[in-house]
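Heads up, the sequence shown is in the working numbering, so the first residue is 192 and it goes up one at a time. This report refers to the structure that appears directly beneath it.
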Amino acid sequence: MPNVCPADYQFLQALLYKQAGLVLDAAKEYLVEARLGPLAKKLGMESIDALVLAAKNRSAPDLEQKIVEAMTIHESSFFRDWKPFEALRQKVIPDLIKARENTRKLYFWSAASSTGQEAYSIAMQVREHFPQLSNWTITIIGTDVSASVVAQARAGAYSQLEVNRGMPARLLTKYMRSEGANWVVRDDIRKMVDFRQMNLIRPWPFLPRMDVVFLRNVLIYFDAGTKRTIFSHVKEISAPDSYLFLGAAESTLGLTEEFVKDPAEGATWYRQKNRGEVTL
Ligand SMILES: C[S@@+](CC[C@H](N)C(=O)[O-])C[C@H]1O[C@@H](n2cnc3c(N)ncnc32)[C@H](O)[C@@H]1O
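Encoded structure:
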């Protein structure tokens with residue numbers, strides 16, 4: 192028997208949607224129990240019912256944010272899906288180097304950066320393959336709605352298990368150092384990335400005009416209306432000749448015509464439909 196009554200389940204659905212745009216499908220009681228049971232225990236509450244009641248009564252500080260954090264999937268890994276990082280090396284960064292030779296500035300954004308592996312993988316790819324960028328201004332921004340993952344990302348410390356998932360051995364010893372049971376991103380790579388808290392469904396703060404946007408494995412949790420709004424913001428804040436990467440299970444299909452899959456490449460990135468000439 193599920194431990195969450197229908198009214199509490201609806202309350203949680205509304206809370207997640209209002210706070211982060213997240214759609215909690217029907218019949219995900221198991222997820223609620225798996226995630227909120229431990230949270231209730233941690234906060235000294237005797238059950239999920241008590242936790243939900245406290246959220247309804249607003250009787251515990253930051254409880255809504257804590258529930259959203261507990262219910263969110265933060266799964267990430269270094270060089271996840273590999274191909275986007277290979278595309279950065281082979282095509283995207285070389286093309287942008289030509290296009291930006293006057294300004295000598297490049298802007299990358301890992302939207303929904305979770306614990307930071309994606310943004311650090313971009314930084315390592317830049318450092319590893321493009322020594323000619325050493326005197327360019329390279330800005331890599333990682334943002335996430337969750338304060339706790341932003342803090343973890345800033346610390347840049349990962350368990351052996353986390354680095355085993357995707358980090359090539361050669362890059363591990365070159366760009367990370369072992370510290371106790373963890374591996375920590377070296378300072379020069381850490382300083383290349385600026386992690387900030389940002390909610391994709393609230394008004395966006397100022398962001399520099401992006402050349403490369405990684406918006407991966409977060410759209411799947413949103414409904415169509417939220418995805419459309421996010422795509423239109425991405426278009427506004429990115430350069431006309433920018434590159435957009437989505438997760439393997441995500442696409443623009445039926446959501447926006449502003450971005451098209453780059454047909455010439457048959458690849459996994461999207462470009463703005465009306466790119467025209469870029470003036471910088
Ligand atoms: C599955 S992780 C994806 C991490 C990384 N992009 C990757 O592909 O490995 C999804 C992240 O989206 C974040 N997220 C969920 N809703 C969000 C929102 N409304 N605004 C910003 N980030 C959000 C979560 O906190 C979580 O860290």
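Virtual Cβ for every residue (Gly too), placed ideally from N, Cα, C. It should be emphasised that the depicted structure is a prediction, and the values quoted were computed from it without experimental measurement.
### Where F228 sits in the DSSP three-state scheme
Checking the displayed sequence, the identity of residue 228 turns out to be Gly instead of Phe. DSSP places G228 in helix when its eight states are reduced to three.
#### Entry: CA nearest to the CA of E427, picked from V384, E441, E449
E449
### Message
Here's the rule: buried if 16 or more other CB atoms are within 10 angstroms of the residue's CB, otherwise exposed. What is K247?
### Response
exposed
#### Entry: Three-state secondary structure assigned by DSSP to M192
Because M192 sits at a pLDDT of 42, beneath the cut-off of 50, its placement in the model cannot be relied upon, and the point is left open.
### Task
Give me the Cβ distance between L435 and L391, rounded to the nearest whole Å; I'm assuming they're in contact under 8 Å.
Incorrect: roughly 14 Å between the Cβ atoms, too far for contact.
### Query
Which one or two residues does DSSP pair with D335 in a beta bridge?
Q388
### Message
Can you look up V409 in the DSSP assignment and give me helix, strand or coil?
### Response
coil
### Check: D335 C-beta below 6 Å from any heavy atom of ligand 1
yes
### Query
Which runs of the beta strand (DSSP E) spanning at least 3 residues fall entirely within the region 408-466, listed in chain order?
429-437, 450-452, 460-463
### Task
Use the C-beta contact count for G347: other C-beta atoms within 10 angstroms, 16 or more gives buried, fewer gives exposed.
buried
### Task
State buried or exposed for Q281, treating a residue as buried only when at least 16 other CB atoms are found within 10 Å of its CB.
exposed
### Task
Tell me, please, whether the region 279-293 touches the region 320-328 by the rule of three or more beta-carbon pairs shorter than 8 Å.
yes
### Query
With L215 and E255 assumed to form a contact (beta carbons below 8 Å), what rounded beta-carbon distance in angstroms separates them?
Not a contact, Cβ separation roughly 14 Å.
### Query
Excluding sequence positions up to five away, which residues of its chain have a Cβ less than 7 Å from the Cβ of A415?
L446
### Query
Could you check where the beta strand (DSSP E) with M367 kicks off and where it finishes?
367-370
### Query
Where do the ends of the beta strand (DSSP E) carrying N373 lie?
373-376
### Message
I want to check one thing, is the minimum distance from the CB of E353 to the heavy atoms of ligand 2 below 6 Å?
### Response
The model depicted lacks ligand 2 and carries ligand 1 instead.
### Query
What are the start and end residues of the beta strand (DSSP E) that includes F299?
296-302
### Query
For the 8 Å Cβ check, are there 3 or more pairs between the region 302-317 and the region 260-271?
yes
### Task
Could you please give me the residues that DSSP links to S350 through a beta bridge?
N373
### Task
Taking S250 and F276 to be in contact with their CB atoms under 8 Å, please state how far apart those CB atoms are, rounded to whole angstroms.
About 46 Å separates the two Cβ atoms, so there is no contact after all.
### Message
Report the CB separation of D432 from R466 in whole angstroms; it is logged as a contact under 8 Å.
### Response
5 Å
### Query
Between G235 and ligand 1, is the CB less than 6 Å from at least one heavy atom?
no
### Chain-order list of residues whose beta-carbon lies under 6 Å from that of Y412 (same chain, five-residue window excluded)
L213
### Same chain only: Cβ atoms within 8 Å of R295, ignoring 5 sequence neighbours per side
N326, W327, T328
### Message
Using C-beta distances below 8 Å, list every residue in its chain close to R356, excluding the 5 sequence neighbours before and after it, in chain order.
### Response
S268, F269
### Query
For V404, which three-state DSSP category applies?
strand
### Buried/exposed call for W460, threshold 16 Cβ in 10 Å
buried
### Task
State the beta-bridge partners of T328 as determined by DSSP.
K296
### Task
Check whether the Cβ atoms of M315 and Y366 lie closer than 7 Å to each other.
yes
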